[in-house]
Amino acid sequence: MAASHAVPIEAVVLADVAIVLLVGAVMVRLARRIHQPPVVAEIAAGLMLGPSLLGLLPGNLPALLFPPEARPMLSAVAQVGLALFMFLAGWELDLGKLRGRTASVGSTAILAMAVPFAVGAGAATLLHGSLAPAGVGHDMFVLYLATAFSITAFPVLARIIRDQGLGTTRVGTTAMACAAAGDVVAWCVLVLVVAMAGSGGTGGFFQVLAWTAAYAAAMLFVVRPLLHKVLRWSGNGRLAVVAAGVLLSAYATSWVGIHAIFGAFAFGLIMPRQGEGEAHALLRRQIELPLEKASSLLLPVFFVVTGLSVDIGGLGWSGLAALLLVLVAAVVGKFAGAALPARFSGMSWRDAGAFGTLMNTRGLTEIVILGIGRELGLIGPELFTMMVLMALVTTAMAGPILRLLGVGGPPPGPDPVPQAGAPAKEKIGAV
1 MAASHAVPIE AVVLADVAIV LLVGAVMVRL ARRIHQPPVV AEIAAGLMLG
51 PSLLGLLPGN LPALLFPPEA RPMLSAVAQV GLALFMFLAG WELDLGKLRG
101 RTASVGSTAI LAMAVPFAVG AGAATLLHGS LAPAGVGHDM FVLYLATAFS
151 ITAFPVLARI IRDQGLGTTR VGTTAMACAA AGDVVAWCVL VLVVAMAGSG
201 GTGGFFQVLA WTAAYAAAML FVVRPLLHKV LRWSGNGRLA VVAAGVLLSA
251 YATSWVGIHA IFGAFAFGLI MPRQGEGEAH ALLRRQIELP LEKASSLLLP
301 VFFVVTGLSV DIGGLGWSGL AALLLVLVAA VVGKFAGAAL PARFSGMSWR
351 DAGAFGTLMN TRGLTEIVIL GIGRELGLIG PELFTMMVLM ALVTTAMAGP
401 ILRLLGVGGP PPGPDPVPQA GAPAKEKIGA V
């Protein structure tokens, strides 16, 4: 579908988006049949449309369908979807729900973050000599990669817990609390890594930190009170204001010197929550549901943009050992850091195994972090491919292992479309 003189590149982009949506819809439908969350299908669809599968056919089809001149526009579309997703992830991550649970999950949450971080640091040390890009120091490489190994995809985890009927069980609530606490720490570490990587020196690093602190203060003491007033409005006006706020916040953090997704995520964190009842249901209908639908339409483009940078065949036999190391370190680190502490805290071996399985899910959050590392030059194409495969495998293995352990129920069918005046579903950030 390479652009010709008769077809504007904008039209090519529109056709590309249509292809992505259709392939994604088919893959999601197939994924439901094998009890996999939609994110697994969307990641797989992105890989299929890239050089890893489509590129194996004659004619260089990825370049024909997604010509180089169209990719910047596709990337812009993907960034809008990603910003909306990160806002919703931040909004769902209700930190107020963690109050009063610190003592009960504190040690488990610390180990569930610290052990995979340490294991990831060890794996990164082994990989630095052969896979680190030129000019990337050992400490920066290890700190970034250890953070990537230790993350848990909170939105995907919440969806799996809801689908498996584990929302009111000890396993489900503990996993939600530990993932929320761990991801907050991981994002904070990642902010520091991005600030160090993009600052160009010690002076620039502290300047970025100062601007970040000023941004955080403005969000807490200026933007949050304004949002309280905006949410008192009626009609669709507040949806436009919130969506604009997400994009402007993303721009602000990019200008400060950290990645744009941090701004979208932070806007979700400071977004007021209306509790339960009619106010919550109204907020969900007027803001959350429309943004969820917009994000679900645009995010598949992000996976294709990612998939165009992933070439599994390019790993070759020499890359299999490194890929195996990445997979083993990711799985062992999370299981050892989550399942064993859970068992020692009183869970049965079955429940502890389920808890470790849930904490091992990485999904889209991992892909986002990997994209940041690739943009900053902290990881190269080969390691990027390995880590994307790790995110896909660790997320896809959750459902089968939970069924093998006999934990939770069968995944439900597609979510029903909420009707006007119907009770809102439980906020998935609840723990």
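By my numbering, the letter at position 183 of the sequence shown is numbered 183, and the numbering carries on one by one without gaps.
Note that CB positions come from ideal geometry on N, CA and C, so glycine has one too.
Note that the structure is predicted; figures quoted are calculated from it, not measured.
Straight-line spacing of the CA atoms in A70 and E10 works out to 8 Å. Boundaries cannot be given for V310, as no alpha helix (DSSP H) includes it and DSSP labels it neither H nor E. When the alpha-carbon of L231 is set against those of R284, A250, T253, the nearest one is in R284. Per the C-alpha coordinates, the member of C188, L56, V40, P62 positioned closest to A25 is V40. Judged by DSSP in its simplified three-state form, R362 adopts coil rather than helix or strand.
A direct Cα-to-Cα measurement between L376 and V194 gives close to 8 Å.
Taking C-beta atoms under 8 Å as the contact rule, V115 and G337 qualify, at a distance of about 3 Å.
The beta carbon of V256 sits closer than 7 Å to the beta carbons of V208, W211, T212, Y215 from its chain, once the five residues preceding and following it are set aside; these are given in chain order.
When DSSP assignments are scanned along the segment 76-145, the uninterrupted stretches of alpha helix (DSSP H) that are 4 or more residues long and fall wholly within it turn out to be 102-131.
Linking P72 to M386 through their CA atoms gives a straight-line distance of about 24 Å. Minimum Cα-Cα distance from V246 among the listed residues I270, K229, H228, W233 corresponds to I270.
Along the segment 315-353, the alpha helix (DSSP H) occurs as fully enclosed runs of 4 or more residues at 318-344, listed in sequence order.
Proximity to P225 across F267, R32, F384 peaks at F267, based on C-alpha coordinates.
Judged by DSSP secondary structure, S52 falls outside any alpha helix (DSSP H); it is assigned neither H nor E. When Cβ pairs closer than 8 Å are counted between the two stretches, the segment 41-52 is seen not to touch the segment 331-347, the count staying below three.
When C-alpha distances from R32 are compared across D183, I160, Y144, the shortest belongs to I160. Note that the C-beta distance between L131 and L370 is not below 8 Å. When the beta-carbon positions are compared, P38 and I379 stay at least 8 Å from each other. CA-CA distance, G46 to A264, rounds to 23 Å.
When the Cα atoms are used, N360 and T394 turn out to be separated by approximately 6 Å.
DSSP places L220 in no alpha helix (DSSP H); its state is neither H nor E.
In the structure shown, P67 falls within a coil segment according to DSSP collapsed to helix, strand and coil. Non-local beta-carbon contacts of P341 in its own chain, meaning distances under 6 Å to residues more than five positions away in sequence, involve T108, L111 in chain order. Apart from the 5 residues on each side of it in sequence, G81 sits with its Cβ closer than 6 Å to the Cβ of S295, L298, L299, F302 in its chain, given in chain order. In terms of Cβ geometry, L93 and D16 do not form a close pair [threshold 8 Å].
Rounded to the nearest whole angstrom, the CA to CA distance from T253 to V305 is 22 Å.
Take A354, set aside five residues on each side of it, and the residues of its chain with a beta-carbon closer than 7 Å to its own are V171, L402, L405, V407, in chain order. A distance of 8 Å or more separates the beta carbons of L220 and F87. Under the three-state reduction of DSSP output, G59 falls in the coil class, being neither helix nor strand. For T395, the uninterrupted alpha helix (DSSP H) run begins and ends at 381-396, by DSSP. When the Cα atoms are used, V12 and V310 turn out to be separated by approximately 22 Å.
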